[in-house]
Every structure is written in structure tokens, then in C-alpha cells.
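Enquirer: Chains as they are written, first to last, in my numbering: chain W, 1 to 139; chain L, 1 to 139.
To start, I am sharing the structure in question, which I have written as C-alpha cells.
Protein chains: 2
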Amino acid sequence: MDSLDELTHELFTFFNGFSSWENSVIKTSELSVSEAHAIEILGTHGQMKMKTLAGHLGVTTGTTTVTVDRLEKKDYARREAVKEDRRIHLITLTQKGQQAFAEHHQYHSNLTEQIVSVLSSEENEQLISILKKINAEAF
Amino acid sequence: MDSLDELTHELFTFFNGFSSWENSVIKTSELSVSEAHAIEILGTHGQMKMKTLAGHLGVTTGTTTVTVDRLEKKDYARREAVKEDRRIHLITLTQKGQQAFAEHHQYHSNLTEQIVSVLSSEENEQLISILKKINAEAF
DNA sequence: TACAATTAGTTTGAATATCAAATAATCATA
DNA sequence: TATGATTATTTGATATTCAAACTAATTGTA
Chain W
1 MDSLDELTHE LFTFFNGFSS WENSVIKTSE LSVSEAHAIE ILGTHGQMKM KTLAGHLGVT
61 TGTTTVTVDR LEKKDYARRE AVKEDRRIHL ITLTQKGQQA FAEHHQYHSN LTEQIVSVLS
121 SEENEQLISI LKKINAEAF
Chain L
1 MDSLDELTHE LFTFFNGFSS WENSVIKTSE LSVSEAHAIE ILGTHGQMKM KTLAGHLGVT
61 TGTTTVTVDR LEKKDYARRE AVKEDRRIHL ITLTQKGQQA FAEHHQYHSN LTEQIVSVLS
121 SEENEQLISI LKKINAEAF
């Protein structure tokens with residue numbers, strides 16, 4: 001097996017492990033996968049309009065309307081009017097939504113700790129530096 | 001920002017980049033996400049019974065029945081009877097399914113190349129070694 | 001061997017998820 | 001002010017998923 005194949009294999013094994021971990025975490029909450037993703041995006045980037053949120057989620061605005069409807073009904077998010085342009089609604093996390101985001105973030109930190117614990121401190125430094133490069137340039 | 005937070009951020013940025021790349025690749029095919037995942041698992045591990053496939057997919061056997069129904073209808077997979085235990089059906093990729101798996105694998109290699117191209121050969125070695133450790137021990 | 005318990009897979013009914021296309025409201029501008 | 005573009009919602013159709021009920025086959029055991 002050449003080095004490219006080897007890396008491909010390790011990368012997708014890693015990705016699949018991450019995916020199933022993420023899904024199992026979401027299943028412990030009262031949120032669906034799409035609701036959880038929306039909360040994560042809103043928590044990370046702050047309030048944004050429907051169209052931007054749809055772009056981040058990679059779905060249509062129609063789908064996003066439904067997702068935000070449910071988040072609003074469950075009191076995780078709310079729509080806010082914008083005076084300057086009344087077509088636009090800014091989606092904002094409520095207190096409860098911010099709480100859910102913080103909890104989710106804590107889960108992420110837990111997984112990172114789990115990962116760090118199998119690495120030497122040198123490898124840890126290497127991993128951060130490599131990921132930074134990839135994130136900045138590869139996608 | 002401490003090192004743990006920093007790594008958490010880079011890890012999930014990486015994961016999200018990977019996710020959206022994976023989704024956009026699947027959308028260019030005539031397969032749904034769940035069908036594509038099933039094909040990837042069958043292609044990687046070879047034929048397996050419904051229950052095992054369901055386990056790999058992280059869904060119930062009911063859901064898997066429906067997915068395999070569709071794959072069978074589109075001629076990507078078929079059920080094979082097992083003489084020793086007639087409750088069991090082995091799910092196998094057809095020629096067309098193997099073809100789809102090979103194409104998908106090619107996409108994976110392309111992404112890996114893209115990633116490798118931003119790394120030095122030393123970083124490349126480091127990344128493989130670190131991922132191996134994580135995959136073996138962390139999930 | 002008979003019968004209960006277990007296992008594998010399917011079916012069903014309900015809630016979600018998603019898209020494309022049609023619609024409504026608003027804005028920008030010619 | 002009319003026209004075209006933009007933002008979000010609604011609608012109708014299909015896909016996804018689960019839990020629970022169900023069928024068929026196998027295994028354990030009395």
C-alpha cells in the first residue's frame with residue numbers, strides 16, 4: 001500500500017469515527033441532527049439571516065425555514081426583525097439555545113481530551129500545526 | 001485560548017470541512033447519502049448480514065431494510081440466502097455497486113492528494129502516524 | 001420431541017428532512 | 001412609479017428514520 005492510500009484510509013477512518021461519535025452525542029439530546037447543526041452554526045458565528053444559515057447548513061432556505069420553526073417552537077432560537085430591510089429575519093439563539101450550544105461545546109472538548117490523551121505533547125503540537133495548515137488551505 | 005480549545009476548534013473545523021466535501025461529492029451521484037454510506041461500508045468490509053450493516057450505519061434494521069430495498073431496486077446490491085441459517089440474508093455489492101464504490105474511493109484519493117499538497121513530506125509522515133494512533137486508541 | 005425463548009429481518013405508522021417550484025413581501029433602480 | 005431582484009415562506013412530493021408489532025427460523029431445554 002502506498003503512502004497516499006494509507007493516508008486516505010486513516011483519514012476516512014478518522015472521519016467516520018468522528019461522525020458516529022457526533023451522531024451518538026446528538027442522540028442523547030432532545031434535538032434532531034439538523035436542529036443541532038443549526039445551533040452549532042449560530043453559536044459559533046452569532047446571529048445571521050436565513051439565507052446565510054441555509055448556506056452554512058448546505059440546504060435550501062425552505063428547509064431552513066422548517067428547522068428554525070422547530071427551534072423557535074422549542075425555544076432554542078428566535079427570529080428578529082431588521083428595521084433597515086424588512087425582508088430579512090435575523091436568527092438568534094435564546095438563552096436556552098446558548099445553553100445547548102455550551103453543552104455541545106463541552107462534549108467537543110471531552111472528545112479532544114480523549115484524543116490528546118493518546119498523543120505525546122510533541123504529537124499534539126504537530127497535529128495542531130498540521131490541521132491549521134489543512135483548514136486554511138485545503139478545503 | 002489554551003491549547004485544548006485551539007485543538008478542539010481545528011478538529012471540528014476540519015471535520016466540518018470534510019463533511020461538506022463528502023456531502024457535495026455524494027450529491028453529484030444518483031445515490032442518496034444513506035445509500036452511499038451503505039455502499040461504502042459494503043465495499044470496505046465485504047458482504048455482511050443486515051444486522052451488521054445496520055450496526056455499521058448506526059441505524060435500526062428497519063431503516064436498513066428500506067435502504068437495501070432501494071439499492072437492490074437500482075441494482076447496486078443484492079440479498080443472498082444463507083443455507084446454514086435461513087433467517088440471514090447476506091448483502092453483497094453487484095458489479096454496478098462495486099463500480100460505484102471504486103468511483104467513490106477515487107474521490108477520496110483526490111481529497112487526500114489535495115490535503116497532502118499543502119503539507120511537507122515530514123508533516124505527511126507525522127499526520128499518518130498521529131491518525132493511526134488516534135484511530136487505534138481514541139474512539 | 002415439543003414448546004418457550006431468542007434472533008433476523010420486514011412491515012407499519014408517525015415524525016422529520018429535504019427539494020424544487022410557486023408565492024408574498026420588500027427593496028433597488030431605471 | 002413600474003420592473004426586476006432579493007428574502008423568506010409555503011406547498012406538494014419523496015426520502016429518512018425510529019419504535020413497535022410482526023413473521024419466520026433457530027436454539028435451548030424440559
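For glycine and all other residues, C-beta sits at the position ideal for the given N, C-alpha and C.
Starting from the C-beta of PHE101 of chain W, find all residues in its chain whose C-beta is less than 6 Å away, skip the five residues before and the five after it, and write them out in chain order.
Expert: Your numbering for residue 101 of chain W matches position 101 in the first sequence. Counting only Cβ-Cβ distances below 6 Å, and skipping sequence neighbours, we find ILE39, GLY43.
Enquirer: I'd like to know whether the C-beta atoms of THR94 of chain W and ARG78 of chain W end up nearer to each other than 8 Å.
Expert: Walking along the first sequence from the start, residue 94 of chain W turns up at place 94. Walking along the first sequence from the start, residue 78 of chain W turns up at place 78. Yes; because the gap between Cβ atoms is below 8 Å, this pair is in contact.
Enquirer: Nearest-angstrom Cα distance between SER3 of chain W and TRP21 of chain L?
Expert: Residue 3 of chain W sits at position 3 when you count from the first residue of the first sequence. Residue 21 of chain L sits at position 21 when you count from the first residue of the second sequence. Answer to the nearest angstrom: the Cα atoms are 22 Å apart.
Enquirer: My assumption, with CB atoms under 8 Å, is that LYS49 of chain L sits in contact with TYR76 of chain L. Please give the rounded CB distance.
Expert: One-based indexing of the second sequence puts residue 49 of chain L at position 49. One-based indexing of the second sequence puts residue 76 of chain L at position 76. At roughly 17 Å, the Cβ-Cβ gap does not stay under 8 Å, so LYS49 of chain L and TYR76 of chain L are not in contact.
Enquirer: On a CA-only basis, which of L:SER121, L:ILE130, L:LEU119 is nearest GLU123 of chain W? Give me that one, please.
Expert: Working through the first sequence from its first residue, we reach residue 123 of chain W at position 123. The option with the nearest alpha carbon to GLU123 of chain W is L:ILE130.
Enquirer: Pull up the distance between the alpha-carbon of PHE18 of chain L and that of HIS45 of chain W, whole angstroms please.
Expert: The residue you call residue 18 of chain L lines up with position 18 of the second sequence. The residue you call residue 45 of chain W lines up with position 45 of the first sequence. Cα-Cα distance, rounded: 19 Å.
Enquirer: Select from L:LYS133, L:ILE26, L:VAL116 the residue whose C-alpha is nearest the C-alpha of HIS105 of chain L.
Expert: Here residue 105 of chain L is taken as the residue at index 105 of the second sequence, counted from 1. Taking only the C-alpha atoms, the option nearest HIS105 of chain L is L:ILE26.
Enquirer: Give the DSSP-derived three-state secondary structure of ARG70 of chain L in the structure shown.
Expert: As a working note, residue 70 of chain L is residue 70 in the second sequence. Three-state result, ARG70 of chain L: helix.
Enquirer: What residue from W:THR112, W:GLY58, W:VAL33 has the CA that sits closest to THR8 of chain L's CA?
Expert: Locating residue 8 of chain L in the second sequence gives position 8, where the first residue counts as 1. For THR8 of chain L, the nearest C-alpha among the options comes from W:THR112.
Enquirer: For ALA138 of chain L, would you say it is in contact with chain W, using Cβ-to-Cβ distances shorter than 8 Å as the test?
Expert: Here residue 138 of chain L is taken as the residue at index 138 of the second sequence, counted from 1. ALA138 of chain L counts as touching chain W.
Enquirer: Closest to GLU162 of chain W by CA distance: which of W:GLU72, W:ILE91, W:LYS74 is it?
Expert: This structure cannot speak to residue 162 of chain W, because chain W is shown only from 1 to 139.
Enquirer: Using three-state DSSP, classify ALA138 of chain L as helix, strand or coil.
Expert: Translated into positions along the second sequence, residue 138 of chain L becomes position 138. Coil at ALA138 of chain L, not helix or strand.
Enquirer: For the beta strand (DSSP E) containing LEU11 of chain L, list its first residue and its last residue.
Expert: Residue 11 of chain L sits at position 11 when you count from the first residue of the second sequence. First-last for LEU11 of chain L: 3-27, but that is the alpha helix (DSSP H), not the beta strand (DSSP E).
Enquirer: Would you please state the rounded distance, in angstroms, between the beta carbons of PHE14 of chain W and ILE134 of chain L? I believe it to be under 8 Å.
Expert: The residue labelled residue 14 of chain W in the question sits at position 14 within the first sequence. The residue labelled residue 134 of chain L in the question sits at position 134 within the second sequence. Going by Cβ atoms, the distance from PHE14 of chain W to ILE134 of chain L rounds to 6 Å, so yes, they are a contact pair.
Enquirer: Using alpha carbons as the reference points, say which of W:PHE12, W:GLU6, W:THR28, W:LEU11 lies closest to GLU156 of chain W.
Expert: It is not possible to answer for residue 156 of chain W, since the shown part of chain W is limited to 1 through 139.
Enquirer: Could you check whether ALA138 of chain L and ILE115 of chain W sit closer than 8 Å to each other, using their CB atoms as the reference points?
Expert: Translated into positions along the first sequence, residue 115 of chain W becomes position 115. Translated into positions along the second sequence, residue 138 of chain L becomes position 138. Closer than 8 Å, so yes.
Enquirer: Please classify VAL68 of chain L: is it buried, with 16 or more other beta-carbons within 10 angstroms of its beta-carbon, or exposed?
Expert: Within the second sequence, numbered from 1, the residue matching residue 68 of chain L stands at position 68. Buried, by the Cβ-count rule.
Enquirer: For the alpha helix (DSSP H) holding GLU140 of chain L, just list the boundary residues, first then last.
Expert: Any answer about residue 140 of chain L is impossible in this case: the structure gives chain L only from 1 up to 139.
Enquirer: Alpha carbon to alpha carbon, how far is ASP85 of chain W from ALA136 of chain W?
Expert: Here the question's residue 85 of chain W lines up with position 85 in the first sequence. Here the question's residue 136 of chain W lines up with position 136 in the first sequence. Spanning the two alpha carbons is a distance of roughly 34 Å.
Enquirer: Could you have a look at GLU80 of chain L and say whether DSSP puts it in helix, strand or coil?
Expert: The count along the second sequence starts at 1 and reaches residue 80 of chain L at position 80. Three-state result, GLU80 of chain L: strand.
Enquirer: Could you check what DSSP says for LEU119 of chain W in three-state terms: helix, strand or coil?
Expert: Translated into positions along the first sequence, residue 119 of chain W becomes position 119. Here LEU119 of chain W sits in coil by DSSP.
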